[in-house]
Amino acid sequence: MKIRTLSRLLIGVLIIALTAGSCKTTKRKGELSPIGKFYHNTTAEYNGYFNADVLIDESILELEAQQQDNYNKILPLYEYREADNPKAVAEKLDRAIEKSSIVVALHRYSNWSDDCYLLIGKAQYLKQDFEAAEETLEYLAANYKPSALKSGPAKKDEVKKKKPSSNKKKKNSKKKRKKIPSSRKTVTPKTEEIEPGVTIISLGDNRVEIEEGKPESYAFRHRPCYQEGLLWLAKTYIERENNFEADRIIYQLTKSAGTMPHVRRDLAVLEAYYYLKQKKTTEAIAPLELAVSLTRNQLLKARYTYILGQIYQRLGKNDLAFAAFERVVKYKPGYEMDFSARLNLSKLGLASGGKSYDSVRKDLDKMLKDIKNVDYKDQIYFALAEIDLKEGNKAEAIKNLRLCLANSSPTSTAQKAEAYLLLANLFFESEKFVETKKYLDSTLTVLPRTDERYLEVSGLAANLTEIAQNLETIQLQDSLLALSNLTEEERIAIATEIRKKQEEDRRKAILEAAQKGNNQVPGVSGNSGGPRAGGVKSDFFAYDDRSVKRGQKDFERKWGNRPLEDNWRRATRSSAADVAEEEQSGGDTAPSALSKEDLDAIFRDMPKTEEQILASNQLIMDALFALGRLYREKLENEEKSIASLEELLERYPDTKYRPEALYLLYLAYTDTEKRADAKRCYDLLTSEFPDSPYALLLTDPDYLLKTKDREEQINNYYNEVFTVFQRGQYRDAYEQINRVPTLFGGANSHSPRFELLKAMCLGNMEGKATYVAALKEMIERFPNTPEQKHALELLRLLGEYTASGPAGATLRPEEQTYIYEPDDKHYILIAFSENISLETAKVQISDYHLKFHKLDKLRVSNIVLGDLDLRSQIIVVRSFDNQKASMDYFQGVNANKSEFLPSEFKYQVFPISQNNYRQLLKNKVLAGYPEFFAKNYN
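Counting in my numbering, the sequence shown runs from 8 upward without gaps.
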């Protein structure tokens with residue numbers, strides 16, 4: 008009884024003490040009572056901090072899961088930095104920031120405030136909001152220095168002691184202050200009193216302290232995250248390309264004896280990352296070797312060693328690379344890395360002379376037959392292609408690259424990109440530009456935009472677009488003309504072969520579809536981490552989302568992506584066998600006799616009449632001339648330009664392009680120092696077309712100056728006429744336009760502008776019907792001009808706007824110009840191609856913002872451009888600080904389309920600056936802006 012009473016009394020005292028401590032947590036300003044400190048520390052750690060830390064760990068795992076290693080490039084040290092879609096974890100990271108911010112606000116005096124600032128900085132870094140991360144981590148570095156956080160009896164005793172004299176203090180300070188060696192880029196700190204045993208790093212206007220001496224032990228007390236914060240700050244500086252500050256932090260943490268072991272381990276990786284980002288692969292070797300020795304994780308050891316092997320391989324140090332890949336195998340990494348390391352060992356044996364080509368081929372053929380490598384055949388075929396190229400066997404290399412693509416899985420995008428790009432380069436070297444363009448386009452479908460080669464590949468693909476189109480036109484029209492010259496029997500024989508090929512392609516497609524169906528890998532449910540019934544979360548590992556994702560990634564490293572099926576080791580699967588059997592039986596069946604309808608369908612594009620034959624020849628003529636110009640302008644390939652233009656003049660000597668073709672040939676022959684051919688073209692041009700602009704360019708030195716003066720005269724005359732139009736003097740403007748052919752000739756560079764202005768004058772003088780007719784005539788006469796596009800837009804909006812507008816305001820005949828302002832405030836336009844429920848779309852977009860942009864405070868509104876019949880519905884999202892911020896939003900939408908709006912909505916997304924948005928509202932049309940966006944924002 009007494010014991011029970013005593014227990015109740017003790018519990019009551021404890022409750023009162025806790026209540027008092029939680030209600031009044033400070034004895035005096037800036038000092039917490041022990042109970043108050045215990046309350047704040049416990050609540051901060053196990054509420055906000057713990058949950059935010061879990062969210063960040065889960066986000067890192069999700070980002071790493073997105074990344075697919077490309078063993079043809081140096082592997083990334085931080086897998087989460089190479090994620091394709093960082094926006095996918097934005098919701099979790101925003102929640103982590105929110106939870107950490109609450110801890111800082113409610114429990115500022117706890118030991119976990121610095122940890123929460125670190126979590127906020129990490130989350131911002133993972134969101135790739137590096138500017139915000141830098142600001143947060145610099146605040147952490149400036150306000151949570153170790154000296155400022157020290158407390159306890161020892162510190163209090165120091166305060167009570169009599170302060171040493173000024174001279175003695177300065178003397179002690181000078182003795183213990185550590186100087187920074189001049190071998191690194193460092194800034195010597197200003198002479199001032201600092202605490203003994205502390206090294207200073209200057210970060211702009213801030214100063215960062217690194218404690219000297221041995222690292223302190225935190226076995227039974229909270230460990231400050233100051234040094235870890237500096238590590239993440241340096242990482243952020245690297246992303247911001249502030250290499251000077253990053254270098255200083257890395258140097259000081261490396262040299263400081265007080266750097267904690269876990270920080271030193273991560274620091275070695277960061278230093279290697281710092282050098283690799285700057286393409287300084289040689290300098291990255293030493294920190295990578297250190298990282299291998301310090302890390303305890305076998306998978307990370309294998310990864311860092313593999314990267315070392317790749318670096319040695321690129322530096323031509325084959326012996327060191329061979330040793331590194333041997334170490335990788337000994338670390339027993341995942342199967343994919345083990346396989347790739349063994350593949351590199353075979354190739355290095357060839358490079359070092361230790362193995363012959365035949366020996367390496369036998370090794371690779373053996374690997375092809377190994378059932379464990381069924382998912383890695385693409386890599387083996389790619390390695391075989393590389394060996395073929397070293398032997399100079401380009402045809403065999405192309406064959407193996409195509410086998411690489413045929414055996415690649417839908418998820419092996421990295422290997423596909425390398426194979427597509429290598430094929431494109433091989434065909435480009437052979438000047439087979441149609442095939443080159445196709446493989447470049449395929450490369451762009453799988454090559455990440457972050458890849459350093461993306462801009463070069465996309466640029467070459469763009470340059471080859473017209474070239475490939477014209478080559479295909481010539482090939483097609485030549486084939487059709489050849490068919491038209493055949494007898495009926497010959498055409499039937501060709502049609503039979505075409506039908507047979509179509510049947511073979513159909514059966515091949517069926518087989519490929521069946522094989523893909525058998526090899527699909529079921530996904531792992533992402534909802535396994537939720538609490539069970541009753542709201543109590545199980546401790547069972549399978550209900551821990553982080554454990555499941557980590558286990559899944561480890562499994563994939565070990566075994567690769569294998570389909571979940573019984574007896575997966577079987578070399579021949581029943582479904583593929585069934586399809587193969589179907590293909591075999593179908594192949595033995597002769598194609599049925601072709602009917603007249605079949606023949607008509609196959610030869611429907613063949614020119615039959617004289618007019619059709621002339622039209623076909625005209626297409627060839629246009630394409631040959633275009634190629635002559637494009638080879639020179641886009642590829643700077645004078646030889647190909649000469650070949651196309653000479654073929655044009657040989658096949659069509661009376662072509663309308665003859666004078667310009669002779670001029671271009673003269674330039675090409677001159678550039679290639681073929682003087683005799685250049686003189687031949689000069690003589691033909693000046694004798695056959697002496698008054699043409701091209702002949703005058705060669706014979707009259709002042710021709711360009713005269714032409715320039717004439718252009719200025721026409722432009723000045725146009726401005727005068729337009730001024731008359733703006734004053735409302737439509738009749739006078741109309742009469743001045745009619746004098747243009749007499750003054751400047753029937754065709755001149757300003758003809759489309761004069762014709763559009765003439766239509767607008769007629770509209771004001773004679774009304775809508777005449778206006779519409781004049782616009783339509785202008786559109787037909789001047790296709791593919793800016794004025795034609797503007798005329799089309801005027802027709803579209805004619806129900807709302809006449810030439811002078813409802814309030815007497817005139818429309819400019821030119822397209823309204825937009826200004827490129829990357830630093831201006833930006834909005835996002837979501838333009839819908841058909842009428843939709845704007846409210847429904849706005850709700851969907853708001854939900855998207857809650858998930859991916861919770862902390863950005865974005866506002867959604869809508870506008871309508873155009874008339875009632877032809878209107879454009881647009882949702883406006885505002886606002887963003889600059890172009891970069893709006894483009895981040897734009898790219899996030901493209902990466903998460905299923906989260907943004909349902910598939911039934913047909914829309915386009917455009918970032919737009921604030922001033923251009925105002926201009927858009929004045930124009931009342933979207934036309935013109937998409938072209939401006941494509942030109943300036945991509």
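All residues carry an ideal CB built from backbone N, CA and C; glycine is no exception.
Item to check | Residue burial classification, residue 538 (beta-carbon count within 10 angstroms, cutoff 16) | outcome: Low local confidence applies: a pLDDT of 38 at residue 538 is under 50, so the model's placement there is unreliable, with the coordinate-based value given in what follows. Exposed, by the Cβ-count rule.
Item to check | CA-to-CA distance, residue 633 to residue 658, given in whole angstroms | outcome: Going by the C-alpha atoms only, they are around 15 Å apart.
Checklist entry - With a Cβ-Cβ cutoff of 8 Å, do residue 279 and residue 84 count as a contact? => result In terms of Cβ geometry, residue 279 and residue 84 form a close pair [threshold 8 Å].
Next on the checklist: Can you look up residue 885 in the DSSP assignment and give me helix, strand or coil?
Outcome noted: The answer is strand: DSSP assigns residue 885 an E or B state.
Item to check | Contacts around residue 675, its chain only, beta-carbon distance under 7 Å, and the 5 residues preceding and following it disregarded | outcome: Cβ within range, chain order: 639, 645, 648 and 649.
Next on the checklist: Whole angstroms are fine: how far does the CA of residue 868 sit from the CA of residue 486?
Outcome noted: Rounded to the nearest angstrom, the two C-alpha atoms are 55 Å apart.
Checklist entry - Hey, residue 685 and residue 677 are a contact pair by Cβ (cut 8 Å); roughly how many whole angstroms apart? => result The beta-carbon distance between residue 685 and residue 677, rounded to whole angstroms, is 5 Å. This is short enough to meet the 8 Å contact definition.
Next on the checklist: Considering only the alpha carbon of each residue, which of 427, 338, 781 and 732 lies closest to residue 454?
Outcome noted: A check of alpha carbon separations from residue 454 across 427, 338, 781 and 732 identifies 427 as the nearest.
Next on the checklist: For the structure I just gave you, are there three or more beta carbon pairs, one from the region 347–360 and one from the region 306–321, closer than 8 Å?
Outcome noted: With a cut-off of 8 Å, the region 306–321 and the region 347–360 count as touching, because enough Cβ pairs lie within range.
Item to check | Best match in 313, 341, 338 and 340 for proximity to residue 328 [C-alpha to C-alpha] | outcome: Measuring from the Cα of residue 328, the nearest candidate turns out to be 313.
Next on the checklist: Could you tell me the alpha carbon to alpha carbon distance between residue 744 and residue 716, rounded to whole angstroms?
Outcome noted: Rounded to whole angstroms, residue 744 and residue 716 show a C-alpha spacing of 20 Å.
Next on the checklist: By the three-class DSSP mapping on this structure, what secondary structure does residue 93 have?
Outcome noted: DSSP places residue 93 in helix when its eight states are reduced to three.
Checklist entry - With a cut-off of 8 Å, do at least 3 Cβ pairs link the region 300–310 to the region 338–346? => result The region 300–310 is in contact with the region 338–346.
Checklist entry - Excluding sequence positions up to five away, which residues of its chain have a Cβ less than 8 Å from the Cβ of residue 906? => result Same-chain partners within the cutoff: 855, 858 and 859.
Checklist entry - alpha helix (DSSP H) containing residue 689: first to last residue? => result Element bounds for residue 689: 682–695.
Item to check | Presumed contact (8 Å Cβ cut-off) between residue 99 and residue 55, rounded CB distance | outcome: Incorrect: roughly 15 Å between the Cβ atoms, too far for contact.
Checklist entry - Per DSSP, what kind of secondary structure is residue 914 in: helix, strand or coil? => result Here residue 914 sits in strand by DSSP.
Next on the checklist: Against chain B, with Cβ distances strictly below 8 Å, would residue 502 count as a contact?
Outcome noted: Within the model displayed, chain B is absent; a lone protein chain is all it includes.
Checklist entry - Considering only the beta carbon of each residue, do residue 424 and residue 443 sit closer than 8 Å? => result No, they are not a contact pair.
Checklist entry - In terms of DSSP beta bridges, what is residue 834 paired with? => result Residue pairing by DSSP places residue 834 opposite 885 and 919 in a beta bridge.
Item to check | Whole runs of the alpha helix (DSSP H) within the region 229–263, excluding any shorter than 4 residues | outcome: Counting only unbroken stretches of 4 or more residues, the alpha helix (DSSP H) elements lying wholly within the region 229–263 are 233–246 and 250–262, in sequence order.
Checklist entry - Can you name the start and end residues of the alpha helix (DSSP H) that residue 856 belongs to? => result Where residue 856 is concerned, the enclosing alpha helix (DSSP H) starts and stops at 845–859.
Checklist entry - So what does residue 870 bridge to, in DSSP terms? => result Under DSSP, residue 870 forms a beta bridge with 881.
Checklist entry - Roughly how many angstroms lie between the CA atoms of residue 380 and residue 350, to the nearest whole one? => result Cα-Cα distance, rounded: 11 Å.
Checklist entry - Okay, do the region 72–88 and the region 836–844 touch, 3+ Cβ pairs below 8 Å being the bar? => result The region 72–88 is not in contact with the region 836–844.
Checklist entry - How would you write the range of the alpha helix (DSSP H) that residue 269 sits in, first residue to last? => result Its alpha helix (DSSP H) spans residues 268–284.
Next on the checklist: Judging by CA-CA distance, which residue of 896, 801, 883 and 843 is the nearest neighbour of residue 863?
Outcome noted: Selected option, being the one with the closest Cα: 896.
Checklist entry - Using DSSP with H/G/I as helix, E/B as strand and the rest coil, what is residue 938? => result The answer is helix: DSSP assigns residue 938 an H, G or I state.
Checklist entry - Rounded to a whole number of angstroms, what is the C-alpha to C-alpha distance between residue 709 and residue 612? => result Approximately 49 Å between the Cα atoms of the pair.
Checklist entry - When the Cα atoms are used, what is the spatial distance from residue 760 to residue 785? => result Approximately 10 Å between the Cα atoms of the pair.
Checklist entry - By the 10 Å Cβ neighbour count, where 16 or more other Cβ atoms means buried, how is residue 90 classified, buried or exposed? => result That one is buried.
Checklist entry - How about residue 277 and residue 144: do their beta carbons lie closer than 8 Å? => result Contact: no.
Checklist entry - Looking only at its own chain, which residues have a Cβ that is under 7 Å from the Cβ of residue 900, when we skip the five neighbours before and after it? => result In the same chain as residue 900, and ignoring 5 residues on each side of it, the C-beta atoms closer than 7 Å to its own belong to 907 and 916, in chain order.
Item to check | Given 8 Å, three or more beta-carbon pairs between the region 394–401 and the region 359–378 | outcome: Touching, yes, given that three or more Cβ pairs across the two stretches are closer than 8 Å.
Item to check | Chain-order list of residues whose beta-carbon lies under 8 Å from that of residue 446 (same chain, five-residue window excluded) | outcome: The residues 427, 428, 430, 431 and 434, in chain order, have a CB closer than 8 Å to that of residue 446 in the same chain once the five nearest residues on each side in sequence are set aside.
Checklist entry - What residue from 735, 727, 671 and 729 has the CA that sits closest to residue 704's CA? => result Sorting 735, 727, 671 and 729 by C-alpha distance to the C-alpha of residue 704 places 671 at the top.
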